[in-house]
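Numbering follows my numbering, in which position 567 of the sequence shown is assigned residue number 573; successive positions increment by one, without gaps. Written out below as C-alpha cells is the structure these notes cover.
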Amino acid sequence: MRQTLFEQASTFQIGTVEFVSPDEIKIAIDIEAPESVALNTGGPRPFPRVNGYLLIPVDQGFLLGQVEWIKVERSPFPKRRGMQDFGLVDLPYPVRRLRVNPLGMLRAGRNGQGFVFRRGSDILPSVGTPALLPTDEQLRAIVESGEKKRVCIGTSPVANDAKVYVDPDRLFGRHLAILGNTGSGKSCSVAGLIRWSIEAAQRESSARPNARFIILDPNGEYSRAFPKDDPTITARIFKVNAGEGEAPLKVPLWFWNSAEWCAFTQASAKTQRPALIHALRWVREGLTESVPDTSHEMRRFLRTLVTIIRAEKNAGTPWGQFPKPKSFFEKLEKWKTSLESEIDSLDGDEKTSLQKLVGKIESLCEPRRSSHSHYDFLRSEVEELLAETSAAHSAFGGSESETFPLDVDAPRPFEGASLVRALEGSAEMLDVVDHVEPLLVRIRALLGDVRVKPIIGGAADTTLERWLMDYIGSDGAKNGCVSVLDLSLLPSDVIHVITAVIARMIFEALQRYVKLYAKPLPTVLVMEEAHTFIKRYKEDVEWPDAAAVCCQVFERIAREGRKFGLGLVLSSQRPSELSSTVLSQCNTFLLHRISNDRDQELVHRLVPDNLRGLLRELPSLPSQHAILLGWASELPILVKIHDLPDSQRPRSDDPDFWDVWTGRNEKGEPVTREINWRLVAEDWQQGSTERGEEES
C-alpha cells in the first residue's frame, strides 16, 4: 500500500518547531537526529548544515526554510536517548537548536506527481510542528523550480548537487550583475553563461541560434574563450592590432555625437561647445567638402545667424545680466561689418533684403554706441531682428526647415580634416577664435595619433550598415553569435569615449530596429571591468568628462534597454564603485567571493533581511562557487558553476611565478619566458612594430 505524503514525511523528522515569527522559525533538534551525516534520505547527506534546506508541514504542503545558524544550548532538564540507562546520576544533556528563514511553499504536483515550489507563504506552522529533511526529489524540485528552465549553469552543493537551471529570458532580459573578487571565477562564469546558453539553443533548434552577444573586453581575455575557429559559437574577434582571422577594431570618429566630442575635447559650455556643435552640423551636412558660390555662402551665413539669434532669444541673453547683452551687441556689430562688405557684389532681391537687414542691425546698434548707454535689448527688438534675418535668408533661397536642424548627432560620414576646417570657420563667425584654439589642438592631436588613426579611420573606411552587420550581427546571425571587442590596446585617453560610442551605437540601432519592425531584436551587451566604465560620477559639474559620459550611456541602457531587447551583463570586482543607477536596474545577481567590507555592505542591501544569512558565506566562497539570486532564480541558491575546458576559459589565469622561477611546471615540462626588449620598445614608441615599419 502506497504511503501518503505525510506518512512518508514522518520518517524524515529531525526536530520540532519551538518558536515562530513571520521572518524566522527556531527548531529544537531531536537527540536521535543525525549529528553530521543523514542517511535516511536516499543517500548520505551532510546534516545539520548552514544554508541547507528543511521542510515544515503546513496546510496543503510544506513550508521551505533555509538554515541560518546552528548552536548547542545547555538543557535545564535531563534528556534521555530512548530507554538507555545513564546510571544513578541523570545529568542534563545539551540540546542543539537551529534557525531557519521561511522561503516559500513546496506542494505536490498535478495528480500527486512530483513537487512544485513557489516563493512566499501565507501560512506559518505552529509550535510543536515537526521539521523534516527534504528528499532528493524534493531538493531537485526546489532548486529547479520555475518555468522555462532551459540552461544548466551548475549544481547546488547545499541541495545534494541538484542541477541549477536558469531561464535565459529572465537572466538576460532584466540585466545581470556578476560580482566578485579577482580570481573568484567571474570571467569563467561570463564565458560559461554565454556558451551554455548558445549550446542549449542549438540543441533545441538543431541549427545555429539567432543569438547576439557583444562582449566589451578591456583586458583581452575572451578571444581565447571564443576562438575564431570554434564551429559551435563562430565568434567575430575585433582587435586594435588584428591578427590572422581577426578584424581590426573600427569606431569611426563620425559615429561620435556632440556630447562625446565635447567630453573628449573638454569643451566649455559658454564658448567652445556652441562652436563645436555648429562645426559638427556643417560637416555632417557636407558644407565644407566643396567650394560653393557667393550666394550659397551667404545663405549658409544667414542660416547660421537665424540659428544664433533664435538660441540667444530663447536663452534670454540679450536682456540678461551684464555682460551678456554687451556680447550680443558686439556680435551685431561684427555681423553688420560682414554683411556690408557683400552688398556691392549683389543685385535684385538679394541686395535689397541684405540692405534691409543691415539697416535693422544699424538701428539696434546706433543708440548703444555712446559711452554711457545701456546694452539691454527689448524682446520686441530681438523678434524684429529675427524676422528680418529670416526674410533675408529666404531671399537667398533658404527655407524655414533649414534653420531648424533636427539632428546634429546623425552618424553621417565626414573626414577629420573637414571638422578642423569647419571648427575654424565656426569660431571665426562666432568671434571665439581664441577660445576655440585649445579644442583645435586636442582634435589635431587625436587625428595625428598613430595609435588611434586605425581605429577612428576615415569616412570611406566603413559604412554604418557594414559596421552594424559586423558588430551586432547579420540577418539570422549567419556571421556568428558572439562579437568580442578587444579594447586592451586602446589608449587611456580615448578608451572611455570609444566604449561609450560602441555601447550607444548598439543601443540606438536596436531602438531604430523596434521603430521599423515593431519587435525587439534580443541582444546581450557584456561589460567586463564594469567598475572602470560605469563608475559613480559627480552630477553637479557643468559639463561631464569622458568617463561620466560613458557611465551615462550605460545608465540609459540599464533604464531603457529592456524595452528594445538589449540585455546588460556587468562583471565587476568592485560593486561599491559602480553607478547606483545601473546596479539598481540589475534584477539578477551572481555573487562570487567578496571580501571587501564596503562591497559586502552594498551586496547585503540587495536581498531581504531574512535572506542575508546566505550572503555571510561570500568572504569564504571557494573559486567557481557563487550565490545566484534575483529575478532569474526562485530563491537565493549556492551554485557550483560548471567546469570549462582550458581552451574555453578566458585568459585570466593567475601568474605562474614558481613555474617560471624553477623553469618547470608540475608535470615536469619546461617553462620559459624569452625577452626581447627591443620589440617592446619599438611597439611602445611607434604604436606597433608593424605600423612603425610601414611608416618608415
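Every residue gets a Cβ at the ideal spot worked out from N, C-alpha and C, and that includes glycine.
Nearest in C-alpha terms to THR161, of all of ILE647, LEU685, SER658, is ILE647. Taking C-beta separations shorter than 8 Å and ignoring five residues to either side along the sequence, the partners of THR358 in its chain run ALA401, following chain order. Fewer than three pairs of CB atoms, one per stretch, sit closer than 8 Å, so the region 512-522 makes no contact with the region 538-553. In the three-state reduction of the DSSP assignment, ILE600 falls in the coil class, being assigned neither a helical nor a strand state. CYS158: member of the beta strand (DSSP E) spanning 157-162, first to last residue. In terms of Cα proximity to GLU339, the closest of ASN166, VAL122, LEU311, VAL555 is LEU311.
The Cβ-Cβ distance between LEU352 and LEU363 does not fall below 9 Å. Residue pairing for ASP223: DSSP places it in a beta bridge opposite ASP492. Rounded to the nearest angstrom, the gap between the Cα atoms of ASN216 and VAL575 is 19 Å. With contacts defined as CB atoms closer than 9 Å, GLY186 and ARG599 qualify as a contacting pair. A distance below 6 Å between beta-carbons, with the five flanking residues on each side excluded, links SER489 to the following residues of its chain, in chain order: ILE220, ARG242, TYR477. Within the same chain, ARG218 come within 6 Å of GLY479 by CB-CB distance, once the 5 residues on both sides are set aside. Membership of SER582 in any beta strand (DSSP E) is not indicated, and neither H nor E is assigned to it by DSSP. By the Cβ criterion, the region 578-586 is not in contact with the region 283-291, since fewer than three pairs of Cβ atoms, one from each stretch, lie closer than 8 Å. Between VAL456 and the set TRP690, VAL78, ARG201, the nearest pair of CA atoms involves TRP690. By the criterion of at least three beta-carbon pairs nearer than 8 Å, the region 446-464 is in contact with the region 259-275. When C-beta atoms of the region 454-470 are compared with those of the region 419-431, three or more pairs fall below 8 Å, so the two segments count as touching. GLU356 and LEU392 have their alpha carbons spaced roughly 17 Å apart. DSSP lists GLY67 as the beta-bridge partner residues of VAL64.
According to DSSP, THR529 shares a beta bridge with LEU572. If you compare the alpha carbons of LYS155, HIS181, VAL257, LYS32 with that of GLU210, the shortest gap goes to LYS155. Taken atom to atom, the span from the alpha-carbon of LYS484 to that of ARG201 is near 17 Å. A contact between stretches requires three or more CB pairs, one per stretch, nearer than 8 Å, and the region 108-123 fails this requirement with the region 34-42. Nearest to ASP382 by alpha-carbon distance, out of SER333, ALA416, LEU345, GLY365, is SER333.
Distance from the CA of ASN593 to the CA of ASN107, rounded to the nearest whole angstrom, comes to 22 Å. In the displayed model, TRP267 falls within a helix according to three-state DSSP. GLN327 carries a coil assignment under DSSP once its states are collapsed to helix, strand and coil. The beta carbon of LYS319 sits closer than 6 Å to those of VAL388, all from its chain and outside the five residues before and after it, given in chain order. Among the bridge pairs identified by DSSP, ILE31 is matched with VAL26, VAL106. In summary, ILE681 is exposed, with fewer than 16 beta-carbon neighbours lying within 10 Å of its beta-carbon over all protein chains present. Between ARG670 and PRO676, the CB-CB gap stays under 9 Å.
A straight-line Cα-Cα distance of about 17 Å links PRO258 and ALA552. Judged by beta-carbon spacing, GLY486 lies beyond the 9 Å limit of LEU531, meaning their Cβ atoms are not closer than that value. Per DSSP, the continuous beta strand (DSSP E) segment holding TYR171 begins and ends at 168-172.
For GLY636, the enclosing beta strand (DSSP E) begins and ends at 631-636.
Taking a C-beta distance under 9 Å as the contact criterion, LEU130 and PHE68 do not qualify as a contact pair.
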